[in-house]
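What follows is a short report on a single structure.
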Amino acid sequence: MPQKLLEISKVGKSYGNSVILSDANLVINEGEFIALVGMSGGGKSTLLRMLAGLEETSAGSIIQDGNKIHGLNKEARVMFQEDRLLPWMNVIDNVLLDKKGKQAVSEATELLEQVELEQYAKQFPSQLSGGQRQRVALARALMSHPRLLLLDEPLGALDALTRTKMQDLIRKVCQDKAITTFLVTHDINEAVRMADRIAIIKNGTIWRIVDNPYRGKESLIDKEKEVEISEEILAEILD
Amino acid sequence: MENIETNENYHFSFKFKNSLPWLIPVFLIVFWQVACNLSWVNETLLPSPIDVVTNGIKLFKKGELQENMSISLYRATAGLLIGGGLGFILGFINGVSRRARLLFDSTIQMLRNIPHLALIPLIILWLGIGESAKISLVALGCLFPMYINTYHGITSVDPKLIEMGKSYELSKKDLFIKVIFPGALPTILMGVRYALGVMWTTLIVAETISASSGIGYMSTNAEQFMDMKTIVLCILIYALLGKLSDFIAKNLEDIFLEWRAIERRNTDASETSGDK
Amino acid sequence: MKNLKKSFIAILLLFWCGIAVYGWHLTREDAGSSSLKNVVLGYQAGDEFYISKIRGQFVKKMKAKGYNVKFKEFQNGAAMMQALASGNVDYARVGDTPPVSALASGTKLTYVAAGGTKAKGSGILIHKNSSIKTLADLKGKKVAYTKGTSSQYMLLRALKVAGLSNDDITWVNLDSDAASVAYSKGKVDAWANWDPSVAQVEITENSKLLVDGTTTKALNRSFIVSPTTYASKNKTLSKLIIKYTEQDMKWANKNHSKLIKKMSADLKLSKKVVRRSVTRRTFSMKAMSKSVVKEEQEIANVFYDNNILTKKIDVSKHVQYLK
Numbered sequence: 390m391p392q393k394l395l396e397i398s399k400v401g402k403s404y405g406n407s408v409i410l411s412d413a414n415l416v417i418n419e420g421e422f423i424a425l426v427g428m429s430g431g432g433k434s435t436l437l438r439m440l441a442g443l444e445e446t447s448a449g450s451i452i453q454d455g456n457k458i459h460g461l462n463k464e465a466r467v468m469f470q471e472d473r474l475l476p477w478m479n480v481i482d483n484v485l486l487d488k489k490g491k492q493a494v495s496e497a498t499e500l501l502e503q504v505e506l507e508q509y510a511k512q513f514p515s516q517l518s519g520g521q522r523q524r525v526a527l528a529r530a531l532m533s534h535p536r537l538l539l540l541d542e543p544l545g546a547l548d549a550l551t552r553t554k555m556q557d558l559i560r561k562v563c564q565d566k567a568i569t570t571f572l573v574t575h576d577i578n579e580a581v582r583m584a585d586r587i588a589i590i591k592n593g594t595i596w597r598i599v600d601n602p603y604r605g606k607e608s609l610i611d612k613e614k615e616v617e618i619s620e621e622i623l624a625e626i627l628d
Numbered sequence: 333m334e335n336i337e338t339n340e341n342y343h344f345s346f347k348f349k350n351s352l353p354w355l356i357p358v359f360l361i362v363f364w365q366v367a368c369n370l371s372w373v374n375e376t377l378l379p380s381p382i383d384v385v386t387n388g389i390k391l392f393k394k395g396e397l398q399e400n401m402s403i404s405l406y407r408a409t410a411g412l413l414i415g416g417g418l419g420f421i422l423g424f425i426n427g428v429s430r431r432a433r434l435l436f437d438s439t440i441q442m443l444r445n446i447p448h449l450a451l452i453p454l455i456i457l458w459l460g461i462g463e464s465a466k467i468s469l470v471a472l473g474c475l476f477p478m479y480i481n482t483y484h485g486i487t488s489v490d491p492k493l494i495e496m497g498k499s500y501e502l503s504k505k506d507l508f509i510k511v512i513f514p515g516a517l518p519t520i521l522m523g524v525r526y527a528l529g530v531m532w533t534t535l536i537v538a539e540t541i542s543a544s545s546g547i548g549y550m551s552t553n554a555e556q557f558m559d560m561k562t563i564v565l566c567i568l569i570y571a572l573l574g575k576l577s578d579f580i581a582k583n584l585e586d587i588f589l590e591w592r593a594i595e596r597r598n599t600d601a602s603e604t605s606g607d608k
Numbered sequence: 002m003k004n005l006k007k008s009f010i011a012i013l014l015l016f017w018c019g020i021a022v023y024g025w026h027l028t029r030e031d032a033g034s035s036s037l038k039n040v041v042l043g044y045q046a047g048d049e050f051y052i053s054k055i056r057g058q059f060v061k062k063m064k065a066k067g068y069n070v071k072f073k074e075f076q077n078g079a080a081m082m083q084a085l086a087s088g089n090v091d092y093a094r095v096g097d098t099p100p101v102s103a104l105a106s107g108t109k110l111t112y113v114a115a116g117g118t119k120a121k122g123s124g125i126l127i128h129k130n131s132s133i134k135t136l137a138d139l140k141g142k143k144v145a146y147t148k149g150t151s152s153q154y155m156l157l158r159a160l161k162v163a164g165l166s167n168d169d170i171t172w173v174n175l176d177s178d179a180a181s182v183a184y185s186k187g188k189v190d191a192w193a194n195w196d197p198s199v200a201q202v203e204i205t206e207n208s209k210l211l212v213d214g215t216t217t218k219a220l221n222r223s224f225i226v227s228p229t230t231y232a233s234k235n236k237t238l239s240k241l242i243i244k245y246t247e248q249d250m251k252w253a254n255k256n257h258s259k260l261i262k263k264m265s266a267d268l269k270l271s272k273k274v275v276r277r278s279v280t281r282r283t284f285s286m287k288a289m290s291k292s293v294v295k296e297e298q299e300i301a302n303v304f305y306d307n308n309i310l311t312k313k314i315d316v317s318k319h320v321q322y323l324k
C-alpha cells in the first residue's frame, strides 16, 4: 500500500462570481508521478498554484502530512511555464540561488551534470536555448530537495524534438530521486509518456483518474497501449 | 604574411570606428581656428581655440584653474551623493512599500514639477550663500531623476521573477539583493546618468550666486569684464566634464550590466541567423 | 579586456574623489582658524574693500586684533543686500542706492561709514559719433539702466536737470552684462553706468560720458552698511574697520601706479582702463556725517516721488555716528 503524501478534498476556487474549480478530489501518493490534463482555462494551473501555496483555496482543503496547506508550501517547488531564470546571474548561480558554501556548489554542479549542462555553468541564461534553460530551472527546483515537484506546463514553449528529450530526462531524474511529481499539461501524449496516473479535469472539477500501467517502473513503453490510453483520455475529455 | 596584413586591416578599422565620434568636434575646432585666423569672426567676441588654450595654461600656472575645478568637482560630487542617495532611498522605500507610496509619492510628484532653480531665492534666505546652499541646490537637482528611476525600476521588476523568488523561499534580504535590485539596476543607472547631467547644469547656476570660487564663478567673473577667453575656456571645461561623467556612467553600465550586453548580442545574433 | 576597463574606471573614480576631497579642503581653508572671531565683508570688484583685500595689510591688522576677515565677492549691490538680510554678510560695501531699496523692502540695516564718490566715473554713456549731443537730445531715446542701482538715480537726476519728464525716454532695465552687449550692438542709444565699466566702454567702444555725477548730483557715494543688530553690538569692530580701511585708502591715493598694476592684473582689465577709473576718484572711508545722510535722504525722496519705492524712508533713523 503506497504512502499518502497529499490529499485534495472538495477543493473549490472562484474569483468573484466566476467559478474556476469546484469539488475537486485527488490523493497523491509518495513517489508517484501524476499528471493533470484538460482543456486550457479548465483550472489546471490554478490547482497547481494552490498546491504550491501561491493561491488560497476558496473551498475545501489540501492536506499534506496531516497539515492543511496555508501560505507557501515549503516542501514543494514549482517549475513554471516560463523558465523564470534570473537573467543577471550565470547558470550555476541561478541553480544555487540563495544557497552558499562548497557543499552547495558541488551539489549544484552535480545537478547540472544530471541535466547535461555542466559545461554551461558560467554562461548567462540568454546564451542558452529554451530547452537548456528549462533544464537549468529543473536543476534549480531540485536543489532544495523538494518532496513535491510541481510542473506547470514547463515544456509548452519547446519544439517537438526537444520536448520528447526533456520528457524522458525529467521523468528519469524524478524517478532516480523518487520525488513525488505533479505535472500540469494540455498535451495528452506528454501525460501518457510521463505519468503513472493521469487525472482529467473537466467541467470545473477532477472528472476521472486513469491508471497508466505501461509507464512507471518498467522502462519499456508499449507503443500500442500508449496510443490506446491517449485516445481513451481524449474521448473522455471531448465527451 | 597574409595573416599579419588582415590583422592590421582589422586594427585600422577598429581605430577608425573609435575615432568616429570625435570627428565632428575636431572638425569644428579646426574650422573655428581657421575662421579666427582669417578674421571671419571678431576675436574679441570669439577668441581662437589656441588663445583659449594658452589662457587655460596661464590660469593653470597661476593655480587658479585647478583650484576652481577641484572646488566645483567637490560641490558637484557632494550634491550628487546627497541628492542621489536621498532619491535612491525614497525611490526604494516607495518602490517596495505600498503604504509609503500612498503617503509620499503624490507629494514628491508635486515638488518635482517645481523647477529646482526657482528655489534659489529660498535657498539663499534659508541656507545663506555658503557651500551648503550650492550643494543643496545640486542635491535638489539630482534627487528627482534618481527618485523617479529607482522607483520606476523597482516597481517594474518582472512580478513573475519576484513570485519565483518568494516561492523558492528567498529571505526578504535575498529577494532584494538577488532579484529586485539587479532587476531595477538598469533603470537606476539610467537615473545616475541623467542625474550627472543635471548635476553640472545646476552647478553652473549655483556657482553664479555669490561664489568666490569654482568654474561657474570663473565664468561669471570673466563675463563681467568681457574676458571672452576665460568664458570660452569655462564652457569647454563644462563640456569636457560633462563628457567625462557620461563616459564613467556608460562604463559603469557596461560593468554592472554585462548580462544585458550579452543578452543583446545573443538576440542580435539569433535575429540575423533567423534571416538566413 | 574587461578587467582592464574595470580598473581604468576604478582609477578614474578614485582620481575624481581625490580631486573632490582636495576641493573640499580648499573650501575649508576659507573658513579660517577657530580662535578668531569671523567677520564677513561683502565687496564688489574694484571697490574700497577690494583694495584692502588686494593690499593685504587689512587682514593682518584685523588678525592682530582677534578677527578673522573673510571677503565675499558679489556681482551687484542687490545680491549683497539679500545676503546681508539673511545674515551672511556682516559688513557690505555698497553704492548709495541699494541700501535705500533694501530699507524700503524692510531690511534692517545701519549705515556705518561713508566713502568717497564716483561722481566723475558715473554717468550716461554715449557713442562719440552719436546724434545725442546734449541732455535734451535724450528725448525719445532708449536708455539702458539697472533697476535698484545708482544708474537709476543717475537717470532720474539727469532727466530733471534736462527738464525732461520720465516718459520722455524709453527705460530699458538690463543687468550690466546684458546692457554691455545691447549697448555695443546699438540696441540702446545710451547707458547709465559707473566705473570701472564706464572707463572700459569709453576706451573700447569709442564712447564718452554725456553727463557725469558732478552735474546731476547723483554722486554714487560708497557706504559701508551692516545688519542693525550686528552694528549695535560691534561698535569697536566697526571703528576698527573704518580706521584700517581709511589707511588703505590713503595708501591707494598715494600709490596709483602700484594699485593700477595690481588691479589690472586681477580684474583682467587693461591698465589704461584702470588708470582712468582710478585717477578720477579719491578714495576715502570715514564715519557717517550729517551731510552724506542728507544725500541719501535725497535719493530716498526722489525714488519715493517717482513711485520706485512704495515707502517713505527716514535715513537718519538708520545711521550710526561713530566717533
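Protein chains in written order, with our numbering: chain A, 390 to 628; chain B, 333 to 608; chain C, 2 to 324. Glycine included, every Cβ here is placed at the ideal spot set by N, Cα and C.
What does DSSP give as the partner residue(s) for residue i in the beta ladder?
| i | result |
| --- | --- |
| phenylalanine 9 of chain C | According to DSSP, phenylalanine 9 of chain C bridges with nothing at all. |
| lysine 287 of chain C | C:Ala115 |
| glycine 401 of chain A | A:Ala448 |
| asparagine 387 of chain B | Per DSSP, none; premise fails for asparagine 387 of chain B. |
| serine 227 of chain C | C:Thr111 |
| histidine 128 of chain C | C:Ser208 |
| aspartate 628 of chain A | DSSP output for aspartate 628 of chain A lists no bridge partner at all. |
| arginine 56 of chain C | According to DSSP, arginine 56 of chain C bridges with nothing at all. |
| glycine 43 of chain C | C:Lys73, C:Ala93 |
Would you mind working out which of the options sits nearest residue i, comparing C-alpha positions?
| i | options | result |
| --- | --- | --- |
| leucine 110 of chain C | C:Ala120, C:Gly19, C:Ala93, C:Gly67 | C:Ala93 |
| lysine 287 of chain C | C:Lys66, C:Lys262, C:Gln248 | C:Gln248 |
| valine 57 of chain C | C:Val320, C:Lys263, C:Lys291 | The displayed chain sequence assigns glycine, not valine, to residue 57 of chain C. Per the Cα distances, C:Lys263. |
| tyrosine 479 of chain B | B:Leu528, B:Glu501, B:Leu422 | B:Leu422 |
| tyrosine 23 of chain C | B:Thr409, B:Asn583, B:Asn350, B:Glu501 | B:Thr409 |
| glutamate 399 of chain B | B:Met550, B:Ala593, B:Lys582 | B:Met550 |
| asparagine 167 of chain C | C:Arg29, C:Phe304, C:Lys313, C:Ile243 | C:Phe304 |
What do you get for residue i, buried or exposed, if any count of 16 or more other CB atoms within 10 angstroms of its CB means buried?
| i | result |
| --- | --- |
| leucine 175 of chain C | buried |
| histidine 448 of chain B | buried |
| tyrosine 322 of chain C | exposed |
| lysine 606 of chain A | At lysine 606 of chain A the pLDDT is 46, less than 50, meaning the model places this residue with poor confidence; the figure from the coordinates comes in the next sentence. Exposed, because fewer than 16 other Cβ atoms sit within 10 Å of the Cβ of lysine 606 of chain A. |
| glutamate 590 of chain B | exposed |
| arginine 466 of chain A | buried |
| tryptophan 458 of chain B | exposed |
| threonine 280 of chain C | exposed |
| lysine 255 of chain C | exposed |
| lysine 45 of chain C | A small fix is needed here, since residue 45 of chain C is glutamine in this sequence, not lysine. Per the 10 Å Cβ criterion, buried. |
| serine 198 of chain C | buried |
| asparagine 89 of chain C | buried |
At 9 Å on the CB atoms, spell out the chain C contacts of residue i, in chain order.
| i | result |
| --- | --- |
| leucine 457 of chain B | Gln83, Ala86, Ser87 |
Taking residue i as the query, report the chain C residues whose CB atoms sit under 8 Å from its CB, ordered along the chain.
| i | result |
| --- | --- |
| leucine 405 of chain B | Trp17, Ile20, Ala21, Gly24 |
| threonine 519 of chain B | Chain C residues near threonine 519 of chain B: none, gap ~20 Å exceeds 8 Å. |
Listing by chain order, which chain B residues have their CB less than 8 Å from the CB of residue i?
| i | result |
| --- | --- |
| lysine 269 of chain C | Ala554, Phe557, Asp559, Thr562 |
| isoleucine 10 of chain C | Ile580, Asn583, Leu584, Ile587 |
| glutamate 247 of chain C | Correct list: empty, because the minimum Cβ distance to chain B is about 25 Å. |
| phenylalanine 469 of chain A | Lys492, Met496 |
| aspartate 48 of chain C | In chain order: nothing, as chain B lies at least about 13 Å away. |
Using a cut-off of 9 Å between C-beta atoms, extract the partners of residue i located in chain A.
| i | result |
| --- | --- |
| leucine 502 of chain B | Leu486, Asp487 |
Residue i versus chain A: which residues are under 8 Å apart at the beta carbon?
| i | result |
| --- | --- |
| serine 464 of chain B | By Cβ distance, chain A contributes nothing, its closest Cβ being about 39 Å from serine 464 of chain B, past 8 Å. |
Could you list which residues in chain B have their beta carbon closer than 9 Å to that of residue i, in chain order?
| i | result |
| --- | --- |
| leucine 461 of chain A | Lys498, Ser499, Glu501 |
query: If we count Cβ pairs, one from each stretch, closer than 8 Å, do we get three or more for the region 542-559 of chain A versus the region 398-414 of chain A?
result: no
- prompt: Touching or not, the region 380-390 of chain B and the region 557-567 of chain B, by the rule of three or more beta carbon pairs under 8 Å?
  reply: yes
- request: Could you tell me whether the region 135-154 of chain C touches the region 281-295 of chain C, where touching means 3 or more Cβ pairs closer than 8 Å?
  value: no
field: Given 8 Å, three or more beta-carbon pairs between the region 305-318 of chain C and the region 224-237 of chain C
entry: The answer is no - the region 224-237 of chain C does not touch the region 305-318 of chain C, with fewer than three Cβ pairs under 8 Å.
query: Just checking, does the region 39-59 of chain C make contact with the region 414-432 of chain B on the three C-beta pairs under 8 Å criterion?
result: Contact between the region 39-59 of chain C and the region 414-432 of chain B is absent, with fewer than three C-beta pairs closer than 8 Å.
- prompt: How about the region 526-546 of chain B and the region 574-589 of chain B: do they share at least three Cβ pairs that are nearer than 8 Å?
  reply: yes
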